[in-house]
Every structure is written in C-alpha cells, then in structure tokens.
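Residue numbers (the numbering used here): 2 to 96. Yeah, the Cβ is synthetic: ideal placement off N, Cα and C, and Gly gets one too. Okay, so here's the structure we're looking at.
If you want it as structure tokens, here you go:
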C-alpha cells in the first residue's frame with residue numbers, strides 16, 4: 002500500500018450511507034468490489050445539492066462523476082429530446 006495515502010472520509014448521516022451503499026452495490030460497475038471496498042467508496046462520496054431547473058450534467062461533458070438521487074427528480078435529455086425522468090431515491094446516474 003502507498004504509505005502517503007490518506008483515506009477520504011466525508012461526514013454523512015447513517016441514512017445517506019445506507020442509501021449510497023445500496024445504490025452502488027447493485028450497480029454492475031461495482032460488482033467486483035468487496036464490502037470493504039464499497040464502504041470505502043461510500044465514505045468518499047460528497048453531498049451536492051442542485052436547485053430546480055439546473056443542469057447536473059450535459060451530454061458531451063467529461064464523465065468524471067457518479068450521482069445518486071437522495072430525493073427529488075431529474076429529467077434526462079438526449080439530443081435535446083426528453084427521454085426519461087429519474088425520481089427514485091437511490092437511483093444512480095452519471096459516469
């Protein structure tokens with residue numbers, strides 16, 4: 002292990018930790034992760050709030066973030082066409 006590595010831990014409620022863990026452990030991208038790895042990932046997640054009508058990500062943007070909805074909804078557009086509404090707590094999107 003890297004001796005200079007410092008684990009990032011972002012404070013969050015137990016509810017948020019459980020929501021994040023359930024969201025990523027059922028995601029195929031994390032299927033090879035151990036429970037310990039998943040918990041480390043959950044520790045590193047940061048809370049971000051978006052106001053109504055704001056863009057979370059735009060088509061063509063560099064895909065460097067993963068989002069999990071805690072509450073609220075998000076509309077999905079592809080080529081400016083509305084294709085979906087994401088409104089389930091624990092829903093994962095992004096890249």
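Asked: Short check: CB of residue 20 to CB of residue 71, under 8 Å?; Found: yes
Asked: Can you give the Cα-Cα distance for residue 14 and residue 7, rounded to whole angstroms?; Found: 21 Å
Asked: Rounded to the nearest angstrom, what separates residue 39 and residue 32 at their Cα positions?; Found: 10 Å
Asked: Helix, strand or coil: which one does DSSP assign to residue 65?; Found: coil
Asked: Determine, using beta carbons only, whether residue 93 and residue 75 come nearer to each other than 8 Å.; Found: no
Asked: Would you report the Cα separation of residue 48 and residue 73, rounded to the nearest angstrom?; Found: 14 Å
Asked: With DSSP as the reference, identify every bridge partner of residue 85, one or two as the case may be.; Found: 77
Asked: Taking C-beta to C-beta, are residue 18 and residue 43 nearer than 8 Å?; Found: yes
Asked: Classify residue 43 as helix, strand or coil using the three-state DSSP reduction.; Found: helix
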